[in-house]
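In this note's numbering, the protein residues as written are -4 to 382. Heads up, the thing below is written out as structure tokens.
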Amino acid sequence: MLTQIINGRILTPQGWLKDGSIILRDHKILEVTNSDLAIIGANIIDAKGMYIVPGGIEMHVHGGGGRDFQEGTEEAFLTAVEAHAKHGTTSIFPTLSSSTVPMIMKAVETCDKLMEDPLSPILGLHLEGHYFNRLKAGAQQPAWIKDPDPNEYIPIAENSKCLKRWDFAPELPGALQFCRYIAEKGIVPSIGHTHANYEDVKAAFDAGARHVTHFYNAMPGFHNKHEFKYEGTVESIYLVDDMTVECIADSIHVPPTILRMVYKIKGVERMALVTDALAVAAADANAQAFDERVIVEDGVAKLSDRSALAGSVATMDRLIRTAVNIAGIPLEDAVRMVSETPSLIMNVNDRKGTLQRGKDADILILDEKLDIRCIWQMGRIIENTLY
């Protein structure tokens, strides 16, 4: 059965296409054409002049709908994935905060099983830790943070088909060896929760690290040591041109002015937007964070002692609205930063991230207020308020 989406402004890799249409068959985009003539026998979807854009790829998210991926169960995974899907996340990399090895392996087993479904929106597992600098632990569990241990990380990597990203602090003993190992395994190394200076960042880049976790959060900027001034991790990352970054675009973790500055310096090709969402995102008011130390106060997730932020309650649609309406980033670039750029960083751009012939039919329709009105995930409509 063919589906044809007409009468919308389509975001293509070449820019906005008016008076065109997208043709879907099964789970794939059959064609993006400059003709909006209705195809006889096709199921016609009228976008009513709205924006037609690629589905969001969430590359850093801890949970949603009241469940956390650290639980490691199929029910928790599926509940959180479904909750975020209703807000425009059509592909997802479930994320674990710093965890014990048994917790990691339980999540690996679940993720490996769910990814056996060719239509699963789960693209791989992301480990945020636990090889971090304790001075920049933030809301990570300090008791579980340690230096990289090859007797630990090699068995995890060797027994995990789903593992696609692993975050670490490059200044730790053994960190560069860890970075080289996972990069050679095809796992994306990402710098985070760190006190790294320029030499540390450059050494990590040379060892295979090309990405940075929640840029500006859990890392120092320009600072003094006694009377002398030093670059921080932030400035060091700016100096490495090919280093990509992700920002939590909830207008809380990164001020809108800084969000726009990152965009101006790094550019849309090297900047992704993420939620870093917790179980309390896309959930009812009674939902609790997995970590008992975390509270939600006035819509902000934080440790109960107010010493640090602790993830967010954001969803994919909020990222786009924050970037456009608050940070003043053009819509087409905001969309690319939640779709095309993550697909390139996570090496899934052969099938995700843009509206092109042969790619998965992950599609959103946004109205003028940038609210999502229709969602296709692998060609299946999972939300529709067009009519």
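Glycine is no exception: its CB is placed at the ideal position from the N, C-alpha and C atoms. The structure presented is a predicted model; accordingly, all values stated were derived computationally and were not measured.
Rounded Cβ spacing between residue i and residue j (contact assumed at less than 8 angstroms)
{"i": "Lys347", "j": "Asp357", "result": "7 angstroms"}
{"i": "Ala272", "j": "Ser307", "result": "5 angstroms"}
{"i": "Ala198", "j": "Leu171", "result": "6 angstroms"}
{"i": "His221", "j": "Leu304", "result": "Their Cβ separation, rounded to whole angstroms, is 29 angstroms, which puts His221 and Leu304 out of contact at 8 angstroms."}
{"i": "Ile117", "j": "Ile151", "result": "18 angstroms between Cβ atoms; not a contact."}
Cβ shell of residue i (< 7 angstroms), same chain only, five flanking positions each side left out
{"i": "Pro184", "result": "Trp161, Phe163, Cys174, Ile177, Ala178, Gly203 and Ala204"}
{"i": "Ala282", "result": "Gly61, Ala274 and Val275"}
{"i": "Phe200", "result": "Val235 and Met238"}
Span separating the alpha-carbon of residue i from that of residue j
{"i": "Glu230", "j": "Phe217", "result": "7 angstroms"}
{"i": "Ala309", "j": "Thr270", "result": "5 angstroms"}
{"i": "Val289", "j": "Glu241", "result": "23 angstroms"}
{"i": "Ala322", "j": "Ala244", "result": "9 angstroms"}
{"i": "Gly187", "j": "His55", "result": "12 angstroms"}
{"i": "Gln135", "j": "Ser93", "result": "6 angstroms"}
{"i": "Arg368", "j": "Asp195", "result": "45 angstroms"}
{"i": "Arg129", "j": "Thr95", "result": "16 angstroms"}
{"i": "Leu361", "j": "Ile0", "result": "13 angstroms"}
{"i": "Gly294", "j": "Leu314", "result": "15 angstroms"}
{"i": "Lys156", "j": "Gly67", "result": "16 angstroms"}
{"i": "Glu153", "j": "Leu109", "result": "19 angstroms"}
{"i": "Met100", "j": "Met45", "result": "44 angstroms"}
{"i": "Thr74", "j": "Thr239", "result": "30 angstroms"}
{"i": "Gln65", "j": "Met98", "result": "7 angstroms"}
{"i": "Asp21", "j": "Pro89", "result": "26 angstroms"}
{"i": "Thr28", "j": "Asp142", "result": "52 angstroms"}
{"i": "Arg265", "j": "Ala78", "result": "28 angstroms"}
{"i": "Ile253", "j": "Asp107", "result": "37 angstroms"}
Residues bridged to residue i [DSSP beta-bridge criterion]
{"i": "Asp41", "result": "Ile1"}
{"i": "Val48", "result": "Leu359"}
{"i": "Gly294", "result": "Answer is none; Gly294 lacks a bridge partner."}
{"i": "Thr7", "result": "Gly10"}
{"i": "Asp63", "result": "Gly58"}
{"i": "Pro89", "result": "Val56"}
Contact set for residue i: own chain, Cβ-Cβ below 6 angstroms, skip 5 residues either direction
{"i": "Leu122", "result": "Leu91 and Trp161"}
{"i": "Ile377", "result": "Ala80 and Ile370"}
{"i": "Val291", "result": "Val275"}
{"i": "Leu12", "result": "Ile5"}
{"i": "Thr336", "result": "Ala267"}
Same chain, Cβ closer than 8 angstroms to residue i, neighbours up to 5 away in sequence not counted
{"i": "Leu25", "result": "Leu(-3), Ile18, Leu19 and Arg352"}
{"i": "Lys23", "result": "Gly353, Lys354, Asp355, Ala356 and Gly374"}
{"i": "Ala33", "result": "Gln(-1), Ile1 and Ile39"}
_Continuous alpha helix (DSSP H) assignments of at least 4 residues falling wholly in the region 211 to 274_ = Counting only runs of 4 or more, we get 228 to 234 and 251 to 261.
*Identify every run of the alpha helix (DSSP H) within the region 152 to 207, keeping only runs that are complete inside it and at least 4 residues long; order them along the chain.*
You should have 170 to 179 and 193 to 202.
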